[in-house]
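Undergrad:
Here it is in structure tokens:
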């Protein structure tokens, strides 16, 4: 008995001892910077846990922690500090700027600069961070992470371009910023795969972008593509991702029963009798006139569906794809020796459209190939004297879309305004396909002048096809006769060419669309801009001081698009889609 009491007493003593060692303390303190000023918003984390707080506007913080724990203080741009608690209730922390961050080199107008020396408003983004977001284009990756930069899509179709505004809409020219890729001004950067980008620098204010003149009134986006590194062996990388696109939340249109109820309620409220739906759905004069017997057949099908309590057609569901895939392949090779560096890349991007359902080939494909080299032709013990190099990027895009224009050429609008009583397909047909002769026009008695939107999308919009090519490149010569004094000459070209083609096969889709004769049209285009930039720069550090300057000239030649278009009816090659 005495032994039992002794064991219990020892066990309780251990429990109290453990409790005493693990008790929480209320810890207070202040976070300051290297100048003794308070730092607000500092994250104060208990190491090894998810428990954390942040400092207030005066740098003060308070939290409860284990007396034997460790506090971790962190803030963007400052080095991380760890403090062991060791029973203390007051712990102050001093954060110092992260020297590595301040020493990072970013791209500025006609040169580079250390981040710590930049006074203007600019943002820098590393390509590997953008590529990790798995977006279709570089500008898509900047959505939501670039302060003061608003990025929207021109429309919702696959491969649609982006509209970028920096610090609001400008008043000089259009609202688009100036895009510069490896020193060459371009119209946009939608053609670039994010994995091909080494960094993006966004210049936002006048102080940062003034060197580009009025072209930069709406900001500047500077893009540097992936380059090789000196003294590194060849490195091959391959990235792949596969994703699924779908609509987050679809509209909930009226079904057939709800539609009839609302329409009847309107008639009764006007003091009229409810609609005679049997007569209405059989009133298919256009169809009956052009295809005797078809109008009655369609009316019988619709009426039987109504009598059975059918919900009719959900046109949004019929015209959208539940899961539209998006795929990206990317391969890069980089390397270099002491005198030459090189990089090459090949990427393929394929995105299916959500709007278009399973009947259309709506989608966007992009193939990008690029390479760049840099070679030292002459050097001495202190620096490279003569350096040459080039950057080259080729992009091929293909897109086949559906109608995304105004209400007269918009398949989504057509789906929204169509009534749910009309069937999307012949209910009694074996394959339930849309008839090539359009045996599913709008019931005249329900909405005169409209046509089955699924048939319109398939027969009139599915044969719209575009193919584009972009070639962007530059060659440069850099001479440094004396250390820190450089002359650089760059000649760049931005060219584009391609065509757009559309075909209307023979169809009889009702009152609005009745193409008894097929036809096709094509528009071809070509354009190019050239840039020749010559600069002389001096950059020298003397003790804690730094002297730098740049002077130069730039010659721009902008060539307006050259367009050739033509059309023909009664196509010689028939209606083979491969010619569309």
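Numbering (mature numbering (1 follows the signal peptide of the UniProt record, and there is no 0)), first residue to last: -22 to -1, 1 to 558.
Backbone N, C-alpha and C fix where the C-beta goes; we use that ideal spot for every residue, glycine too.
Hey, how far is the Cα of residue 324 from the Cα of residue 306?
TA: Taking the straight line joining both Cα atoms gives about 11 Å.
Undergrad: Tell me which residue opens and which closes the alpha helix (DSSP H) that residue 390 is part of.
TA: 389 to 395 is the span of the alpha helix (DSSP H), which, as asked, contains residue 390.
Undergrad: Smallest Cα separation from residue 515: which of 100, 546, 176, 461?
TA: Here the closest residue by C-alpha is 461.
Undergrad: Give the secondary structure of residue 72 by DSSP, where H, G and I count as helix, E and B as strand, and everything else as coil.
TA: Strand at residue 72.
Undergrad: Write down every uninterrupted run of the beta strand (DSSP E) in the segment 168 to 218 whose length is 3 residues or greater and which is fully enclosed by it, in chain order.
TA: 175 to 181, 198 to 203, all fully within the segment 168 to 218.
Undergrad: Can you name the start and end residues of the alpha helix (DSSP H) that residue 117 belongs to?
TA: From DSSP, the alpha helix (DSSP H) with residue 117 extends over 116 to 119.
Undergrad: Which runs of the beta strand (DSSP E), 3 residues or longer, sit entirely within the segment 291 to 378?
TA: Here the runs fully enclosed are 302 to 314, 318 to 330, 341 to 357, 362 to 378.
Undergrad: May I ask you to list the residues that DSSP assigns as paired with residue 23?
TA: Per DSSP, 30, 50.
Undergrad: Apart from the five residues just before and just after residue 208, which ones in its own chain have a Cβ nearer than 8 Å to its Cβ?
TA: So the list reads 314, 315, 316, 319, once near-sequence residues are dropped.
Undergrad: Can you name, in chain order, every residue of its own chain whose Cβ lies under 8 Å from the Cβ of residue 245, other than the five neighbours on each side?
TA: The answer, listed in chain order, is 251, 252, 253.
Undergrad: Take the Cβ of residue 400 as the centre, count every other Cβ of all protein chains shown within 10 Å, and call the residue buried at 16 or more, exposed below.
TA: Result: buried.
Undergrad: Which of the three DSSP states, helix, strand or coil, is assigned to residue 455?
TA: Strand.
Undergrad: Would residue 470 pass as a contact of residue 501 if the rule is Cβ separation under 7 Å?
TA: No, Cβ-Cβ distance for residue 470 and residue 501 is not below 7 Å.
Undergrad: Does the distance from the C-beta atom of residue 177 to that of residue 105 stay below 7 Å?
TA: Against a cut-off of 7 Å, the Cβ pair of residue 105 and residue 177 comes out as a contact.
Undergrad: Would residue 294 and residue 229 be called neighbours here (beta carbons separated by less than 7 Å)?
TA: Contact flag set, yes.
Undergrad: Just confirm the distance between the C-beta atoms of residue 59 and residue 73, as a whole number of angstroms; I'd bet it's less than 8 Å.
TA: With a Cβ gap of about 6 Å, residue 59 and residue 73 count as contacting.
Undergrad: Enumerate, from N- to C-terminal direction, the unbroken beta strand (DSSP E) stretches of 3 or more residues contained entirely within the segment 474 to 549.
TA: Listed in chain order, they are 497 to 520, 523 to 536, 540 to 547.
Undergrad: Expressed to the nearest angstrom, what Euclidean distance is found between the alpha-carbon atoms of residue 363 and residue 160?
TA: Rounded to whole angstroms, residue 363 to residue 160 spans 21 Å at the Cα level.
Undergrad: Quick one: grab the DSSP three-state call for residue 95.
TA: For residue 95, the predicted model reports a pLDDT of 48, less than 50, meaning its position is unreliable and no value from the coordinates is stated.
Undergrad: List the endpoints of the continuous beta strand (DSSP E) containing residue 127.
TA: It spans 127 to 131 - the beta strand (DSSP E) in which residue 127 sits, taken as one unbroken run.
Undergrad: In whole angstroms, give me the CA-to-CA distance for residue 468 and residue 190.
TA: The alpha-carbon atoms of residue 468 and residue 190 are separated by roughly 16 Å.
Undergrad: In terms of residues, what are the limits of the alpha helix (DSSP H) holding residue 432?
TA: Note, residue 432: alpha helix (DSSP H), 431 to 434.
Undergrad: When the Cβ atoms of the segment 194 to 204 are set against those of the segment 532 to 541, are three or more pairs found closer than 8 Å?
TA: Too few Cβ pairs lie closer than 8 Å, so no.
Undergrad: Just to confirm before moving on: does the CB-CB distance between residue 62 and residue 21 stay below 7 Å?
TA: Cβ distance not < 7 Å, so residue 62 and residue 21 don't count as in contact.
Undergrad: DSSP state of residue 2, grouped into three classes?
TA: Strand, per DSSP.
Undergrad: DSSP three-state call for residue 13: helix, strand or coil?
TA: The answer is coil: DSSP assigns residue 13 none of H, G, I, E or B.
Undergrad: Identify, in the order they occur along the chain, each residue of the same chain with its Cβ nearer than 8 Å to the Cβ of residue 68, setting aside the five sequence neighbours on each side.
TA: Counting only Cβ-Cβ distances below 8 Å, and skipping sequence neighbours, we find 5, 6, 7.
Undergrad: Which residues mark the beginning and the end of the beta strand (DSSP E) in which residue 44 is found?
TA: Where residue 44 is concerned, the enclosing beta strand (DSSP E) stretches over 38 to 44.
Undergrad: Give the straight-line distance between the Cα atoms of residue 451 and residue 433, rounded to the nearest whole angstrom.
TA: About 44 Å.
Undergrad: In terms of residue numbering, what span does the beta strand (DSSP E) encompassing residue 143 cover?
TA: From DSSP, the beta strand (DSSP E) with residue 143 extends over 140 to 144.
Undergrad: Using the DSSP secondary-structure output, state which residues sit across from residue 163 in a beta bridge.
TA: DSSP lists 158 as partners of residue 163.
Undergrad: Please report the straight-line C-alpha distance between residue 276 and residue 342, rounded to a whole angstrom.
TA: Their Cα atoms are separated by approximately 37 Å.
Undergrad: Under 7 Å Cβ to Cβ from residue -22, same chain only, skipping five residues before and after it: list those, please.
TA: Confidence in residue -22 is poor, its pLDDT being 43 and thus under 50, which makes the residue's placement unreliable; the coordinate value appears in the next sentence. So no residue of the chain qualifies.
Undergrad: Bridge partners of residue 466, per DSSP?
TA: Note: residue 466 sits in a beta bridge opposite 456, 513.
Undergrad: Helix, strand or coil, according to DSSP, for residue -7 in the structure here?
TA: Here residue -7 scores only 37 on pLDDT, less than 50, and its place in the model should not be relied on; the value that follows carries that caveat. In this structure, residue -7 counts as helix in the three-state DSSP scheme.
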